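*Asks:* Okay, so the sequence shown: first residue is 0 according to numbering that gives the first Met the number 0, each after it adds one. One structure coming up, written as structure tokens, with questions to follow.
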Amino acid sequence: MNWLLRGSAVPVVGALLFASLPSAALATDTPEQVTLMASSCANCHGTDGRLAGSIPALAGKPASELETKLLAFKHDEEVAATIMDRIAKGFSDAELAALASHFAAIDPAGEAALATTPGQQE
Ligand code: HEC
Numbered sequence: 000m001n002w003l004l005r006g007s008a009v010p011v012v013g014a015l016l017f018a019s020l021p022s023a024a025l026a027t028d029t030p031e032q033v034t035l036m037a038s039s040c041a042n043c044h045g046t047d048g049r050l051a052g053s054i055p056a057l058a059g060k061p062a063s064e065l066e067t068k069l070l071a072f073k074h075d076e077e078v079a080a081t082i083m084d085r086i087a088k089g090f091s092d093a094e095l096a097a098l099a100s101h102f103a104a105i106d107p108a109g110e111a112a113l114a115t116t117p118g119q120q121e
């Protein structure tokens, strides 16, 4: 019952908690971190933001346009939002700017787009 309170377990648990704390690094520090952050958008916007369907593609759109939209979603200024208003609130303004630059820099007709040309679909 009181094994947790015995002296030896406390420093171990404390060390584990400390080790699992997020580091001070920002999600926008390196391109790799931004790519990781952007991978959560692929569920809906397709690999590298190249999906062209009812959900708008992101790849290759001007960064300023994407950033303006993301900020409008975040601050409830975009009335047509169904889900992006909630998603955008999970990111800082700097992270949204980094995501906008990330997707703007992707060629919309790159390799991933070739893999989904109409002839190769069912
Ligand atoms: C759950 C599905 C989903 C996820 C995940 C998602 N989006 Fe969206 N996104 C949408 C939908 C749906 C719209 C259309 C607006 C709406 O209905 O909210 C949209 C619209 C947008 C737009 C506006 C594009 C335009 O041209 O109008 C941007 C920019 C955007 N999303 C960026 C992102 C980014 C960046 C992420 C990752 C952080 C992300 N989205 C994750 C579903 C999603």
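All C-beta atoms in this analysis are idealised placements derived from N, C-alpha and C, irrespective of residue type, glycine included. Here the structure is a predicted model, which is why all the values come from computation and not from measurement.
(1) What distance in whole Å lies between the Cβ atoms of Ala-26 and Gln-32, which are believed to be in contact at a cut-off of 8 Å?
(2) Please report the straight-line C-alpha distance between Ile-86 and Ala-104, rounded to a whole angstrom.
(3) Compute the minimum distance between the beta carbon of Lys-88 and the heavy atoms of the ligand HEC, and state whether it is under 7 Å.
(4) When you compare only the Cα positions, how much space is there between Glu-64 and Asp-28?
(5) Would you report the Cα separation of Thr-48 and Leu-35, rounded to the nearest angstrom?
*Replies:* Let me spell this out:
(1) Between Ala-26 and Gln-32 the Cβ distance is about 5 Å, and since that is below 8 Å, they are a contact.
(2) The C-alpha of Ala-104 is placed about 21 Å away from the C-alpha of Ile-86.
(3) Not one heavy atom of the ligand HEC sits closer than 7 Å to the Cβ of Lys-88.
(4) Their backbone Cα atoms lie some 22 Å apart in a straight line.
(5) Reading the sequence as shown, one finds Gly at residue 48 and not Thr. Note on geometry: alpha-carbon atoms of Gly-48 and Leu-35 lie some 13 Å from one another.
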